[in-house]
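Presented below is the structure to which this report refers.
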Amino acid sequence: MRLGAFGAAGLIFVGGVLAAAPARQAPLAFTRTIAPFLVADDAGRLFSVPFLGGLDVPRPQFADIDADGDLDLFLQEFRNEIWFFENAGTVSSPRYEWRTDRYQNLDVGEWYRFVDLDADGDLDLLAEKPFSNILFFRNAGTKQVARFEPGGTLIDTDGLPIALDRQNIPAIVDLDCDNRLDLFIGRVEGLVIHYEAVAPGSLQFAFLTDHWEDIEIIGRVGTPGPSTRHGANALSFADFDADKDLDLFWGDFFEPGVLLVENNGATCSSPSFRTEPVPLPFADTRTSGYNAPVPVDLDFDGDLDFLMGVIGGANNPVTTASDNFYHFERTAKDRFELRTRRFLNGIDLGSESVPAAGDLDADGDLDLIVGSKIVPPGDAGQLTIFRNVGTKTVPSLYQEAPLTPMIAYHLAPTLSDLDQDGDLDLLVGTWNQGIRYFRNQGTAREAKFVEDAAAAITPPHASLVSPVLADLDGDGDVDLLVGTATGAIVHYRNDATTKGARFVLVTERLGDLSPGRRSRPAVADLTGDGLPDLLVGRESGGVVLYRNAGTKLVPRFVEDPSFTLPLPPLSTPLAIDLDGNGRAELLAGTVSGGLVMWRW
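The sequence shown: position 304 = 305 (our numbering), numbered continuously.
Below is the structure:
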């Protein structure tokens with residue numbers, strides 16, 4: 002899949018070390034790759050989707066989008082994006098393979114729901130429209146090959162758009178078996194609004210009540226004493242107790258688990274939910290709160306399994322920054338077994354990951370060290386090494402235990418031999434403690450990083466600093482660029498001595514560049530002219546390419562507005578030749594705490 006292209010590759014800079022790459026004149030197409038080689042966690046278990054990018058606020062949904070009899074997986078992590086994973090396994094043993102982060106390039110706002118709205122036998126799509134209306138995408142394709150086209154907004158019987166709180170996820174089902182869809186919209190007040198389609202297949206819905214079944218979800222269920230807390234919610238319906246009617250599952254901002262409101266109606270056509278909500282039986286669904294429930298028979302064994310995405314609510318969302326896509330398998334009528342807290346298992350270090358690379362064990366291949374913003378319980382960031390236990394051309398990464406904790410947030414590492422003793426030293430950017438220097442007092446084969454507080458660097462008027470080491474002026478030593486909260490890139494020249502690096506401030510804003518807030522530069526020769534160019538990640542997502550229009554000794558960076566690459570928000574790019582083929586991969590940390598990889 003071609004998602005972006007730019008000019009020829011020449012030399013790749015990795016922490017100031019140059020790796021030759023073949024010069025090219027034709028544009029190079031970047032291709033996203035999810036599992037290019039083996040990556041294992043610190044227990045030796047292989048990640049199924051190592052370079053998915055991590056998950057912070059997953060909103061999953063299952064649907065048989067290709068009518069092959071099994072369930073495919075859709076997931077939302079960012080606004081206006083649906084990720085699509087095709088079931089490449091079987092009905093009873095699903096195996097999900099990533100296909101795209103932008104399913105049919107649909108802009109779906111903050112939520113989406115698959116449903117056959119027009120009663121033509123295939124799945125349509127509902128989504129949040131700006132200003133909190135409900136957008137309808139009609140399936141103009143077939144059951145086997147869906148093709149979604151905008152079809153208008155859902156309206157009431159007065160012809161007005163139906164409104165809802167944008168952060169809430171509604172449910173739409175035929176609850177009373179009359180062949181007309183019922184629309185249920187949770188309110189932040191803890192109430193439920195009920196609409197019903199005026200006819201089968203209609204886009205027009207009649208308002209029935211704004212206090213459906215007298216349901217009020219206020220505060221945490223089971224907590225003694227009155228409460229006025231209520232907030233965002235996610236609704237779903239399924240037959241929990243196998244009595245042939247639909248029950249209500251409710252996730253709430255202030256509720257650590259998922260609530261069940263059972264349908265005690267006598268028949269499908271006469272539902273009744275006038276029962277007390279209870280925590281979902283037989284399963285401990287307590288998390289940081291605001292759970293998006295997904296009750297579904299995942300393995301088609303005739304009973305209801307339960308999955309949920311943890312969006313994160315009032316109970317310290319840091320605790321679920323990595324473990325946030327739960328799968329409970331129903332193994333008996335009164336029993337759920339937790340199978341995993343990471344249904345899509347990839348590299349995930351909490352949030353706001355930042356990669357750096359270098360040969361940490363002198364075995365001739367590149368290892369990774371990855372920083373993060375914050376990890377549970379929430380008192381600091383973390384540095385994690387991914388050791389390359391493969392070869393220079395066939396990498397295989399093994400996640401090691403985190404390095405000795407640093408009491409700091411937003412850790413952004415970069416590696417180079419700064420004291421000229423033959424091993425790699427470490428600089429770490431932080432939120433509010435500048436750049437901390439860790440001298441390698443071990444060996445080239447076995448690093449031992451010890452902080453040298455006297456060598457710390459404090460960029461002026463800067464926070465959330467993100468350092469990168471590379472030779473910008475062609476004098477053979479590494480200079481220092483620093484991304485910052487404001488977006489300014491601070492430039493230090495290395496006036497090295499026989500004792501090692503000596504960084505001298507050149508400017509607080511390199512070339513007056515303005516890539517956007519939370520800048521993170523990467524240095525690589527992207528045009529094949531032997532000069533270092535800049536790729537800069539930023540808060541808003543994507544990257545900015547600055548081509549070097551200067552010389553080897555005096556760089557001058559000019560923005561190339563034609564270049565685009567859909568990196569996630571707060572991306573932290575790194576050019577690195579992991580497989581030794583002479584061409585760099587583009588590796589980037591993400592706001593969600595994982596890593597994404599692109600090849601050209």
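Using N, Cα and C, we set each Cβ at its ideal position, and we do this for glycine too.
For clarity, every value in this text was computed on a predicted model and none was experimentally measured.
**Asked** Does the segment 78 to 88 come close enough to the segment 52 to 68 to have 3 or more Cβ pairs within less than 8 angstroms?
**Response** Taking a cut-off of 8 angstroms for Cβ pairs, the segment 78 to 88 and the segment 52 to 68 touch, as three or more such pairs fall below it.
Q) Among A284, P294, P257, which one has its Cα closest to the Cα of N316? A) That would be P257, whose Cα lies nearest to the Cα of N316.
Residue of V319, C178, A486 minimising C-alpha distance to D246: Closest by alpha carbon: C178.
- Does the beta-carbon distance from F149 to L192 come in below 8 angstroms? In this structure, L192 does not lie closer than 8 angstroms to F149 by Cβ.
Worksheet item: Is it true that the CB of V319 sits closer than 8 angstroms to the CB of G232?
Response: No, they are not a contact pair.
- F555: buried (16+ other C-beta within 10 angstroms of its C-beta) or exposed? Residue 555 is actually Val in this sequence, not Phe. Counting the other CB atoms within 10 Å of its CB gives V555 a total below 16, which places it among the exposed residues.
- Item | Continuous beta strand (DSSP E) assignments of at least 3 residues falling wholly in the segment 511 to 585 | Entirely contained in the segment 511 to 585, the beta strand (DSSP E) runs reaching 3 residues are, in chain order, 521 to 525, 534 to 538, 544 to 549, 558 to 560, 573 to 577.
| Over what stretch of residues does the beta strand (DSSP E) that includes Q383 continue unbroken? | Taken as a continuous stretch (DSSP letters only), the beta strand (DSSP E) holding Q383 covers 381 to 389.
*What beta strand (DSSP E) runs, 3 residues minimum, are completely inside the segment 337 to 382?*
Qualifying beta strand (DSSP E) stretches, in chain order: 355 to 359, 368 to 376.
Query raised in the report: To the nearest whole angstrom, what separates the beta carbons of A486 and S464, a pair I think is in contact under 8 angstroms?
Result: Rounded, the Cβ-Cβ distance is 5 angstroms, consistent with contact.
Check: Touch check for the segment 264 to 277 and the segment 300 to 310: three-plus C-beta pairs under 8 angstroms?
Finding: Flag = no, the segment 264 to 277 and the segment 300 to 310 do not touch.
- Message: Tell me the rounded alpha-carbon separation between S593 and A523.
- Response: Taking the straight line from one Cα to the other gives about 20 angstroms.
- Using only alpha-carbon positions, find the residue among L367, Y399, P569 that is nearest to S541. Distances from the alpha-carbon of S541 to those of L367, Y399, P569 put P569 closest.
(Q) As an exercise, report each continuous beta strand (DSSP E) stretch of at least 3 residues that is fully enclosed by the segment 103 to 181, in chain order. (A) Look at the segment 103 to 181 and you find these whole runs of beta strand (DSSP E), each 3 residues long or longer: 113 to 116, 125 to 130, 134 to 140, 149 to 154, 172 to 174.
* Rounded to whole angstroms, how far is the Cβ of F1 from the Cβ of R340, which I believe are closer than 8 angstroms? -> Nothing about residue 1 can be read from this structure; the chain reaches only from 2 to 601.
task: With distances taken Cα to Cα, identify the nearest neighbour of V483 among W432, T392, L136.
output: Of the listed residues, the one whose Cα sits closest to V483 is W432.
Coarse secondary structure for P280, derived from DSSP in three states:
Under the three-state reduction of DSSP, P280 is assigned to strand.
Check your understanding: By how many angstroms is the C-alpha of F238 removed from the C-alpha of A172?
Key -> A172 and F238 have their C-alpha atoms spaced approximately 7 angstroms apart.
Worksheet item: Out of curiosity, what's the CA-to-CA distance linking R188 and A267?
Response: Computed Cα separation, rounded: 28 angstroms.
Quick check on this structure: which residue in L546, E401, Y547, A576 has the alpha carbon closest to the alpha carbon of D42?
Among L546, E401, Y547, A576, the Cα nearest to that of D42 belongs to E401.
* Asked: Within 10 angstroms of its Cβ, does D244 collect 16 or more other Cβ (buried), or is it exposed?
  -> Note on D244: under 16 other CB atoms within 10 angstroms of its CB, so exposed under the neighbour-count rule.
Whole-Å CB distance - N495 paired with L514, under 8 angstroms assumed: At roughly 20 angstroms, the Cβ-Cβ gap does not stay under 8 angstroms, so N495 and L514 are not in contact.
* Asked: Is it the case that the Cβ atoms of A293 and G310 are separated by a distance below 8 angstroms?
  -> In this structure, A293 lies near G310, with their beta-carbon atoms less than 8 angstroms apart.
### Message
Measuring alpha carbon to alpha carbon, tell me which residue in D476, L470, A502, G475 is nearest H492.
### Response
When the alpha-carbon of H492 is set against those of D476, L470, A502, G475, the nearest one is in L470.
### Message
Taking its Cβ as the centre, do 16 or more other Cβ atoms sit within 10 Å of H411, making it buried, or is it exposed?
### Response
Buried: at least 16 other Cβ atoms inside 10 Å.
message: By the DSSP assignment, the beta strand (DSSP E) with A239 in it spans what residues?
response: From DSSP, the beta strand (DSSP E) with A239 extends over 234 to 239.
I need the straight-line Cα distance from R181 to Y196, nearest angstrom please.
C-alpha of R181 to C-alpha of Y196: approximately 10 angstroms in a straight line.
Under a three-way DSSP split, which group does E87 fall into? In this structure, E87 counts as strand in the three-state DSSP scheme.
(request) Answer with buried or exposed for I370, where buried requires no fewer than 16 other C-beta atoms within 10 angstroms of its C-beta. (result) Flag for I370 reads buried.
### Message
Quick check on this structure: which residue in Q205, I170, D157 has the alpha carbon closest to the alpha carbon of W251?
### Response
Of the candidates Q205, I170, D157, the residue whose Cα lies closest to the Cα of W251 is I170.
Legend entry - Selection from V174, D526, N549, A502 that minimises the alpha carbon distance to L511: It is N549.
Does DSSP put A455 in a helix, a strand or coil? Under the three-state reduction of DSSP, A455 is assigned to helix.
If you follow the beta strand (DSSP E) that Y196 is in, where does it begin and where does it stop? Judged by DSSP secondary structure, Y196 falls within the beta strand (DSSP E) whose first and last residues are 193 to 198.
On the CB-based measure, 16 or more other CB atoms within 10 Å of its CB, does P396 come out buried or exposed? With 16 or more other Cβ atoms within 10 Å, it is buried.
query = Opposite G310 in the DSSP bridges: which residues?
reply = DSSP, once it has assigned bridges, lists A293, F326 as partnering G310.
*Selected residue, minimal CA-CA separation from D453, among T591, Q442, I83, S133*: Distance check between D453 and each of T591, Q442, I83, S133 places Q442 closest, using alpha-carbon atoms only.
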